[in-house]
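For reference, the structure is listed below as C-alpha cells.
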Amino acid sequence: MAALNSLKKIGLIESGFLKKDIPSFSVGDTVRIYTKITEEEKTRTQMFEGTVIRKSGKSISSTVILRKVIGSDAVEKMFPLHSPNVDKIIKVKSGKVRRARLYYLRHRLGKGLKIESYQPTHGVENLTHSTGREVLAEKGRKKQESKTAPETAPAGQGTSQ
C-alpha cells in the first residue's frame with residue numbers, strides 16, 4: 001500500500017517536467033531535433049536530422065536514437081525526449097517499416113538504407129470522391145448512359161433501299 005502511494009507521488013513529480021509539445025512519431029520516421037549547446041557563456045542551437053532506429057522508455061525517461069549517414073560515415077545519437085536541452089522536435093517525414101528496432105540499417109549501404117515513405121490515407125478526403133461507393137455508383141451511371149444512348153451509324157454507311 002505504501003509502495004503504491006510512493007509511485008503515485010513520483011508520477012506527480014515527474015509530470016511537472018514532461019514536455020507537452022513533442023509530436024507523435026515512430027520508428028522509421030525522419031525527425032529533426034534541435035538541442036541547446038552551451039559553450040562557456042554562449043548558448044546556441046544545433047540541429048540533428050536522422051532516421052529513428054529506436055524509441056524506448058516511458059514518461060520522463062523516454063529516449064530516441066537517431067541515425068544519420070554522412071558520406072561513408074554514420075552517426076548515431078541518443079536523445080532524452082524530455083530533457084531541458086532539447087529545444088524542439090520536428091517530424092520531417094513518415095517511414096513505413098515493419099520492425100520496432102531498425103538495427104539492421106547499420107549493416108546496409110547506399111540504396112539499402114532507404115526507407116519507403118508512408119503517406120496516410122485515412123483522415124484525408126479525396127477531392128473528387130469521398131467514398132468508394134460513390135465511385136462505383138458513378139461508374140454504374142456511366143455504363144447505363146452509354147447503353148441507353150441511341151447508336152448512330154457513321155455518315156455514308158447508312159442502309160439504302
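Residue numbering for the sequence shown follows the numbering used here, beginning at 1 and increasing consecutively.
Even for Gly, the Cβ is constructed at its ideal location relative to N, Cα and C.
Counted within 10 angstroms of its Cβ, other Cβ atoms place residue i as buried (16 or more) or exposed
i    : result
G28  : buried
G110 : exposed
G50  : buried
L102 : buried
L127 : Per-residue confidence for L127 stands at a pLDDT of 41, beneath the threshold of 50, marking its modelled position as unreliable; the derived number appears in the next sentence. The residue is exposed, with fewer than 16 neighbouring Cβ atoms inside 10 Å.
G71  : exposed
G57  : exposed
G16  : exposed
V97  : buried
Boundaries of the alpha helix (DSSP H) in which residue i is found, first to last residue
i   : result
K93 : Premise fails: K93 lies in the beta strand (DSSP E), 86 to 93, not in any alpha helix (DSSP H).
G16 : Note, G16: premise wrong, no alpha helix (DSSP H); not H, not E.
Span separating the alpha-carbon of residue i from that of residue j
i   : j    : result
I60 : L113 : 31 Å
S6  : L12  : 10 Å
L4  : E40  : 44 Å
D21 : E116 : 27 Å
S83 : F48  : 15 Å
A74 : V52  : 13 Å
R54 : R106 : 12 Å
H93 : K42  : Before going further, note that residue 93 is Lys rather than His in the sequence given. Roughly 32 Å between the two C-alpha positions.
S26 : A2   : 36 Å
L66 : T30  : 8 Å
L10 : R108 : Looking at the sequence provided, one finds Ile at residue 10 rather than Leu. Spanning the two alpha carbons is a distance of roughly 42 Å.
K18 : R44  : Here residue 18 turns out to be Leu, not Lys, going by the sequence shown. If I take the Cα positions, the gap works out to 23 Å.
G63 : T35  : The question names Gly, yet the displayed sequence has Thr at residue 63. So the two alpha carbons sit approximately 14 Å from each other.
L81 : Y118 : 23 Å
K88 : K77  : 16 Å
V86 : E14  : 17 Å
8 Å contact criterion, which residue i and residue j should meet: CB distance rounded
i   : j   : result
F79 : I33 : 5 Å
K91 : P23 : 5 Å
Range covered by the beta strand (DSSP E) that runs through residue i
i   : result
I70 : 63 to 70
G50 : 42 to 56
F79 : 73 to 80
R32 : 30 to 39
Beta-ladder partner(s) of residue i, from DSSP
i    : result
S117 : G95
beta-carbon residue i near the ligand FAD non-hydrogen atom, thresh 6 Å
i   : result
R54 : The ligand FAD is absent from the structure shown, which contains no ligands of any kind.
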